[in-house]
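To keep things clear, I will list the structure first and then write my remarks on it.
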Ligand SMILES: [Zn+2]
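In this note's numbering, the protein residues as written are 510 to 800.
See below:
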């Protein structure tokens with residue numbers, strides 16, 4: 510009986526993959542907006558052409574589509590196939606991405622970005638397939654920059670870390686998804702302009718648009734969650750936490766916007782190196798030198 514009970518627990522744990530919202534619609538829209546304004550003219554024209562196939566006019570308008578399909582019966586299979594590509598679970602606070610351990614079967618956000626960037630860059634694919642890929646890329650590049658989408662603790666990305674925020678019961682994941690950003694009281698266009706007006710903390714960190722770069726972005730997110738103060742000392746999250754952590758969240762939005770623009774420029778205009786055109790989905794190679 511104990512064996513059966515334990516099997517039941519394991520099955521339950523497997524079914525309960527953690528809910529994937531990542532940045533709420535506000536965070537995703539800000540990132541998309543930042544990226545769209547930085548695109549080169551040719552990439553921008555191609556983005557608008559692909560978006561027109563989905564009756565959308567901006568990247569922000571489609572930036573949460575990859576989350577929204579979970580409520581659309583017509584997209585059930587697509588959701589099931591992609592839902593584990595919104596995040597990556599690291600094994601420990603060293604946050605070193607090892608594909609064989611952290612991304613089995615290509616089921617993590619690093620592989621999700623790699624796969625859909627390749628579809629987007631592939632001119633032999635239909636416009637419909639490339640437009641769908643564009644929507645996933647816009648979303649997953651946002652997700653990978655939400656620190657709790659690449660955490661190492663056994664708390665389903667902070668979803669089981671209960672807190673009180675703004676006078677209500679919440680959890681750390683939700684605070685990072687939306688609470689910190691909503692505390693500005695700004696809609697996405699104004700928020701994006703505010704961020705653009707601020708000096709950039711890490712402009713040098715943008716470079717790279719390949720699987721090794723995506724892995725590094727996930728590792729950055731993980732290390733933020735492993736840093737001092739990220740997990741609050743008390744369950745009540747107050748103004749001090751917002752003051753300390755909101756700038757971190759906003760820096761991630763800016764980096765995500767810059768990197769998304771760089772990916773889209775590379776995939777839509779510049780010829781991506783051949784190896785990115787058809788990645789062996791689910792068989793990411795380790796980017797670490799073996800020693
Ligand atoms: Zn997501």
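C-beta: ideal position from N, C-alpha, C; glycine also. Everything numeric in this text was worked out from a predicted model, so none of it was measured.
Taking the Cβ atom as the reference point for each residue, do residue i and residue j lie within a distance shorter than 8 Å?
i	j	result
residue 835	residue 655	This structure leaves residue 835 out entirely; the chain is present only between 510 and 800.
residue 597	residue 720	no
residue 549	residue 774	yes
residue 667	residue 679	no
residue 640	residue 559	yes
When the Cα atoms are used, what is the spatial distance from residue i to residue j?
i	j	result
residue 723	residue 582	31 Å
residue 601	residue 662	7 Å
residue 645	residue 671	29 Å
residue 570	residue 622	19 Å
residue 745	residue 710	29 Å
residue 764	residue 545	13 Å
residue 635	residue 676	49 Å
residue 690	residue 696	10 Å
With a threshold of 8 Å between beta-carbons, can residue i be considered close to chain C, or not?
i	result
residue 686	Going by chain labels, chain C is absent from the structure shown, which holds only one protein chain.
Return the first residue and the last residue of the alpha helix (DSSP H) that residue i is part of.
i	result
residue 547	534–547
residue 730	720–735
residue 677	Here residue 677 belongs to no alpha helix (DSSP H); instead the beta strand (DSSP E) covers 677–680.
residue 661	Per DSSP, residue 661 belongs to no alpha helix (DSSP H) and is neither H nor E.
residue 569	568–571
residue 648	636–653
residue 558	550–561
residue 577	574–577
How is residue i classed by DSSP in three states: helix, strand or coil?
i	result
residue 672	strand
residue 744	coil
residue 717	coil
residue 591	helix
residue 683	helix
residue 708	coil
residue 614	helix
residue 770	helix
residue 602	coil
residue 585	helix
By Cβ distance below 7 Å, which residues in the same chain neighbour residue i in space, the five residues on each side in sequence not counted?
i	result
residue 587	578
residue 738	753
residue 486	As displayed, the chain neither begins before 510 nor continues past 800, which places residue 486 out of reach and without an answer.
residue 701	539, 542, 543
Take residue i and list the residues in its own chain whose beta-carbon comes closer than 6 Å to its own, dropping the five residues that flank it on each side.
i	result
residue 741	750
Leaving out five residues on either side along the sequence, give the residues of the same chain with a beta carbon under 8 Å from the beta carbon of residue i.
i	result
residue 557	566
residue 649	575, 594, 595, 618, 621, 622, 625
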